[in-house]
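Working notes, structure below.
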Amino acid sequence: MFRVARETGPALLVPAAWAVVAAAHVDVVADRTLLIAYAVMTTLLVVFAVTGRADMREGTLRVWWVIIAVGVVPAAAGTAGLAAENAALRAVALYGWMLLPAVGLVDTGRRVSRASVLYLGGAALCVVGATVHAAAGALPVATSTAVVAGVAVVGAGQSAGILDAVLRY
Numbered sequence: 051m052f053r054v055a056r057e058t059g060p061a062l063l064v065p066a067a068w069a070v071v072a073a074a075h076v077d078v079v080a081d082r083t084l085l086i087a088y089a090v091m092t093t094l095l096v097v098f099a100v101t102g103r104a105d106m107r108e109g110t111l112r113v114w115w116v117i118i119a120v121g122v123v124p125a126a127a128g129t130a131g132l133a134a135e136n137a138a139l140r141a142v143a144l145y146g147w148m149l150l151p152a153v154g155l156v157d158t159g160r161r162v163s164r165a166s167v168l169y170l171g172g173a174a175l176c177v178v179g180a181t182v183h184a185a186a187g188a189l190p191v192a193t194s195t196a197v198v199a200g201v202a203v204v205g206a207g208q209s210a211g212i213l214d215a216v217l218r219y
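In this note's numbering, the protein residues as written are 51 to 219.
Okay, here's the thing in structure tokens:
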């Protein structure tokens, strides 16, 4: 049962995480709630990295394992940034998780030819969304709109990739 949860859980957790991030940007989710979410995410990433290592030694799974293991750093930065009210650490967490999965999506897109457009498109959405989020104050729309749009674009790209992976494999 744990293995099934580990293999299919990300299909629910990835879109849910980005929905929480978007909600936090418009003050629907309190910083305390986001702190708890980051602490849980950090813990889940560590557990996933430890328990998934044996199954993720080759090919694209190896790339995704490295992303998960490295991703503990921005997740922990987010936890610390929220606890200490440190904007720089919060930014490391946000942009780390916006951009780290793009590496895995590109690698997967190169290896899974029948879904390469989906994965490569997901990687492009990560970069576009992070760029929109970073440039939100300079865009000709309300900053809050641009920020949420950036998060939504990243979330869509990453969610499409993980949903395909769970359904395909």
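Cβ coordinates follow ideal geometry from the N, Cα and C atoms, glycine included.
Would you grab the beta carbon distance between residue i and residue j for me? Rounded to a whole angstrom, and I think it's under 8 Å.
i	j	result
G159	G121	With 8 Å as the limit, G159 and G121 do not qualify as a contact, their Cβ atoms being about 19 Å apart.
V211	L168	The amino acid occupying residue 211 in the given sequence is Gly; Val does not appear at that position. With 8 Å as the limit, G211 and L168 qualify as a contact, their Cβ atoms being about 7 Å apart.
G131	C176	Incorrect: roughly 21 Å between the Cβ atoms, too far for contact.
A127	A143	5 Å
H75	S194	7 Å
What three-state label does DSSP hand residue i in the structure shown?
i	result
P151	helix
V201	helix
A174	helix
V191	coil
V162	coil
A185	coil
Y20	Residue 20 lies beyond the range of the chain shown here (51 to 219); nothing can be said about it.
When you compare the CB positions of residue i and residue j, do they come within less than 8 Å of one another, or not?
i	j	result
T129	T92	yes
G205	W68	yes
A125	Y88	yes
T110	R53	no
V220	G179	Outside the displayed span of the chain (51 to 219) sits residue 220, for which this structure offers no information.
D105	A165	no
V182	A196	yes
V216	T58	yes
L139	I118	no
A173	L150	no
S209	V71	no
L85	A141	no
Checklist entry - Counting only runs that start and end within the stretch 55-127, where is the alpha helix (DSSP H) found for 4 or more residues in a row? => result You should have 81-102.
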